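S.K.: Sharing a structure below in structure tokens format, with a few things to ask.
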Amino acid sequence: MRTAQFAFQTSHESGSARLGTFVTPHGVVQTPAFMPVGTHGAVRGLSVHDVSRAGGRMVLSNAYHLYLRPGDGMVRALGGLHAFTRWSGPMLTDSGGFQVFSLAKLRTVREHGVEFRSHLDGSLHEYTPERVMQIERNLGADVMMQLDELIAGGGEYAASQSAMERSLRWLERCSTEFERIERDGREPGLVLPAVEGITDAHPDDERRAPPQALFPIVQGGVHEELRRASVRGILDRGDWAGIAVGGLSVGEAKADTYRTIDVCEPLLPRDKPRYLMGVGFPDDLVEAVARGVDLFDCVAPNRMGRDGTAFTPDGKMQIKQAGYRTDRRPLVADCPCEACTEYDRAYLRHLFTASEPLGQRLLALHNTAFVIGVMSGARRALGKGAFESWSTEWLARYRRNAPE
RNA sequence: GGUGGGGUACUCAAGUGGCCAACGAGAUCAGACUGUAAAUCUGACGGAGCAAUCCUUCGAAGGUUCGAAUCCUUCCCCCACCA
2 MRTAQFAFQT
12 SHESGSARLG
22 TFVTPHGVVQ
32 TPAFMPVGTH
42 GAVRGLSVHD
52 VSRAGGRMVL
62 SNAYHLYLRP
72 GDGMVRALGG
82 LHAFTRWSGP
92 MLTDSGGFQV
102 FSLAKLRTVR
112 EHGVEFRSHL
122 DGSLHEYTPE
132 RVMQIERNLG
142 ADVMMQLDEL
152 IAGGGEYAAS
162 QSAMERSLRW
172 LERCSTEFER
182 IERDGREPGL
192 VLPAVEGITD
202 AHPDDERRAP
212 PQALFPIVQG
222 GVHEELRRAS
232 VRGILDRGDW
242 AGIAVGGLSV
252 GEAKADTYRT
262 IDVCEPLLPR
272 DKPRYLMGVG
282 FPDDLVEAVA
292 RGVDLFDCVA
302 PNRMGRDGTA
312 FTPDGKMQIK
322 QAGYRTDRRP
332 LVADCPCEAC
342 TEYDRAYLRH
352 LFTASEPLGQ
362 RLLALHNTAF
372 VIGVMSGARR
382 ALGKGAFESW
392 STEWLARYRR
402 NAPE
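In the numbering used here, the protein residues as written are 2 to 405.
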């Protein structure tokens, strides 16, 4: 595995929390870090400049969605995901494992793979671990995720076990295919779509995939033995540039989420980044950093902003509330984002009541900048050796007005 | 002046004797969203009450009926066409 271009180092620790540096072929990410989600090759509503200005250093896209549209071969023919989207920094592609879960009504899971009925046009697609590796290789993100299977939060032991064990078997197949492509180049039969201006869609040196790393995903629901077995199974199968923990924040109680991270953490290699998939409520981020997680992604900041909920140091805020009608204050005092420095709450509320897309964009931008800011706050505290007091105070303030 | 159509809750708009405090939509208010089928979804929306329930409503006033937004009479407005 050409992981030489991937490296991870920690410089400070506080309990399980770590301050680290994740090196990828497209740049360096200081951890803990939040990765904004750009499912279709764009962080919804935001430009790459918006994301960059918000402090984003690494973003993700989704292999399943890009495979359906515009097609992974098309992305490759257009120069790969970096060139296509103009995001020049580190990128990660999720495999579509989450869609096995979220599009449950449209698919059938078999050992060989997943049969998907496209949500776009109803066409049938076979999605195997091998095919997913080819897709993610064609997309060309720095980090690619294995195909996995997850089940709804708090799932039964047997179902969790079955999904966990299948994820391990699929990891084996993903890994084998990943190495085959590494060795033999991309699948020789692939005919790339014709793209104007590109005369030779795949010159010889293009046959070799760009340096990429494959991350395995720990599964096992909220069952401790299963989580431990999953981590052991993953580590038995090789050395990875990073390890993800998946299948959390999918409906289970927060206490179970935290407890499950606690179960996995001591077993995970200390010299590799840990990526907690799909977690991104501000308090969950801080709790997970305290439990040794380095990387996060989540659609919630963007989506909740789009739907009118803003994150603040004092908890959630619903900008549509009538009380903000004449509120001239910024959304969050001292927040450096565009929404907070250029506009006031009364105007932002107005944009929402008037259904102006600008309001959605500004709150999505703010929330994205906010969670990224929480991560940089955590890094500063770690660097000063003050993480424990910082996180305690941060969580106390954020939750002070919470109803629960 | 004549003929026809119409006035329903914040707005638009169903409803023509009991199942109507009154379909539906919008607006408004509140809430939810965690590896994005999400500019989505949920709830409230005449008043009071935790609730059973009670009170006030369908242009106005009378009337018929066990019972009316719905039927009758008169009146007030609006629209179209004809003079």
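C-beta: ideal position from N, C-alpha, C; glycine also.
Bear in mind that the values here come from a model prediction, so they are computed numbers and not experimental data.
Please state whether the Cβ-Cβ distance between G141 and H83 is less than 9 Å.
M.R.: Position 140 of the first sequence holds residue 141. Position 82 of the first sequence holds residue 83. Yes; because the gap between Cβ atoms is below 9 Å, this pair is in contact.
S.K.: Can you give, in chain order, each stretch of the alpha helix (DSSP H) that sits fully within the region 95-160 and has at least 4 residues?
M.R.: Qualifying alpha helix (DSSP H) stretches, in chain order: 98-103 and 130-140.
S.K.: Looking at the structure shown, is E14 part of a helix, part of a strand, or coil, going by DSSP?
M.R.: Locating residue 14 in the first sequence gives position 13, counting from the first residue. Three-state result, E14: strand.
S.K.: I think E266 touches S15, with their Cβ atoms under 8 Å apart; what is that distance to the nearest whole Å?
M.R.: To locate residue 266, count along the first sequence from 1; it is residue 265. To locate residue 15, count along the first sequence from 1; it is residue 14. So it is not a contact: roughly 14 Å between Cβ atoms.
S.K.: If I follow the unbroken alpha helix (DSSP H) through R275, where does it start and stop?
M.R.: The sequence position of residue 275 within the first sequence is 274, counting from 1. That residue, R275, is in no alpha helix (DSSP H); its beta strand (DSSP E) goes R275 to L277.
S.K.: Got a sec, what are the start and stop residues for the alpha helix (DSSP H) L349 sits in?
M.R.: The residue labelled residue 349 in the question sits at position 348 within the first sequence. Run containing L349: R346 to T354, per the alpha helix (DSSP H) assignment.
S.K.: Apart from the five residues on each side of it in sequence, which residues of its chain come closer than 6 Å, Cβ to Cβ, to T310?
M.R.: Along the first sequence, read from residue 1 onward, the residue named residue 310 stands at position 309. These residues qualify, in order along the chain: K317 and Q319.
S.K.: Expressed to the nearest angstrom, what Euclidean distance is found between the alpha-carbon atoms of Q100 and T327?
M.R.: Against the first sequence, residue 100 aligns to sequence position 99. Against the first sequence, residue 327 aligns to sequence position 326. Rounded to whole angstroms, Q100 to T327 spans 42 Å at the Cα level.
S.K.: Within a Cβ cutoff of 6 Å, which residues of the same chain sit near E150, ignoring the five residues on either side of it in sequence?
M.R.: As a position in the first sequence, residue 150 is number 149, starting the count at 1. Here the set comprises V101, A164, R167 and S168.
S.K.: Please work out which residues of its chain come closer than 6 Å, Cβ to Cβ, to D205, disregarding the five sequence neighbours upstream and downstream, and give them in chain order.
M.R.: Numbered from 1 along the first sequence, position 204 holds the residue referred to as residue 205. Reliability fails at D205, whose pLDDT of 47 lies under 50, so the model's placement of it is uncertain and no value is given.
S.K.: What number of angstroms, rounded off, separates the C-alpha of G248 from the C-alpha of E183?
M.R.: Along the first sequence, read from residue 1 onward, the residue named residue 248 stands at position 247. Along the first sequence, read from residue 1 onward, the residue named residue 183 stands at position 182. Taking the straight line from one Cα to the other gives about 29 Å.
S.K.: Going by DSSP in three states, F35 sits in which element: helix, strand or coil?
M.R.: Against the first sequence, residue 35 aligns to sequence position 34. F35 falls in the strand class under three-state DSSP.
S.K.: Just the C-alpha distance for P274 and S96, rounded to the nearest angstrom, thanks.
M.R.: Locating residue 274 in the first sequence gives position 273, counting from the first residue. Locating residue 96 in the first sequence gives position 95, counting from the first residue. Going from the Cα of P274 to the Cα of S96 covers about 18 Å.
S.K.: Would you mind listing the beta strand (DSSP E) stretches within the region 256-317 that are 3+ residues and don't spill past its ends, in chain order?
M.R.: Correct list: 275-277, 296-299 and 310-313.
S.K.: For L296, which option in A18, S12 and Q6 has the closest C-alpha, if you only look at C-alpha atoms?
M.R.: Position 295 of the first sequence, counted from the start, is the residue given in the question as residue 296. Among A18, S12 and Q6, the Cα nearest to that of L296 is on A18.
S.K.: Using alpha carbons as the reference points, say which of E116, T369 and S392 lies closest to R54.
M.R.: Counted from its first residue, the first sequence places residue 54 at position 53. It is T369 whose Cα lies nearest to the Cα of R54.
S.K.: In whole angstroms, what separates the C-alpha of S231 from that of Q220?
M.R.: Here residue 231 corresponds to residue number 230 of the first sequence, with the count starting at 1. Here residue 220 corresponds to residue number 219 of the first sequence, with the count starting at 1. If I take the Cα positions, the gap works out to 6 Å.
S.K.: Can you check DSSP and say which residues form a bridge with F23?
M.R.: Sequence index remark: in the first sequence, residue 23 carries index 22 (1-based). Bridge partners of F23: F9 and V30.
S.K.: Would you tell me roughly how many angstroms separate the C-alpha atoms of P194 and A78, rounded to the nearest one?
M.R.: Position 193 of the first sequence, counted from the first residue, corresponds to residue 194. Position 77 of the first sequence, counted from the first residue, corresponds to residue 78. Straight-line Cα distance between these residues: approximately 7 Å.
S.K.: Cα separation between L364 and A34?
M.R.: By one-based count along the first sequence, residue 364 stands at place 363. By one-based count along the first sequence, residue 34 stands at place 33. About 20 Å.
S.K.: If we count the other Cβ atoms within 10 Å of its Cβ and call it buried at 16 or more, is R346 buried or exposed?
M.R.: Position 345 of the first sequence, counted from the start, is the residue given in the question as residue 346. Under this definition R346 is a buried residue.
S.K.: According to DSSP, A323 sits in a beta bridge with which residue or residues?
M.R.: Locating residue 323 in the first sequence gives position 322, counting from the first residue. In the DSSP output, where bridge partners are listed per residue, A323 has none listed.
S.K.: Check whether the Cβ atoms of Q6 and T32 lie closer than 9 Å to each other.
M.R.: Working through the first sequence from its first residue, we reach residue 6 at position 5. Working through the first sequence from its first residue, we reach residue 32 at position 31. Not in contact: Q6 and T32 (Cβ atoms no closer than 9 Å).
S.K.: Looking at the unbroken beta strand (DSSP E) that takes in V60, where does it start and where does it end?
M.R.: For the purposes of this step, residue 60 is taken as residue 59 along the first sequence, with counting starting at 1. V60 to N63 is the extent of the beta strand (DSSP E) around V60.
S.K.: A245 and M146 look like a contact to me (Cβ under 8 Å); what is the Cβ gap, rounded to whole Å?
M.R.: For the purposes of this step, residue 245 is identified with residue 244 of the first sequence, where counting begins at 1. For the purposes of this step, residue 146 is identified with residue 145 of the first sequence, where counting begins at 1. Indeed they touch by this definition, with Cβ atoms about 7 Å apart.
S.K.: Identify, in the order they occur along the chain, each residue of the same chain with its Cβ nearer than 6 Å to the Cβ of T86, setting aside the five sequence neighbours on each side.
M.R.: Position 85 of the first sequence, counted from the start, is the residue given in the question as residue 86. Around T86: G42.
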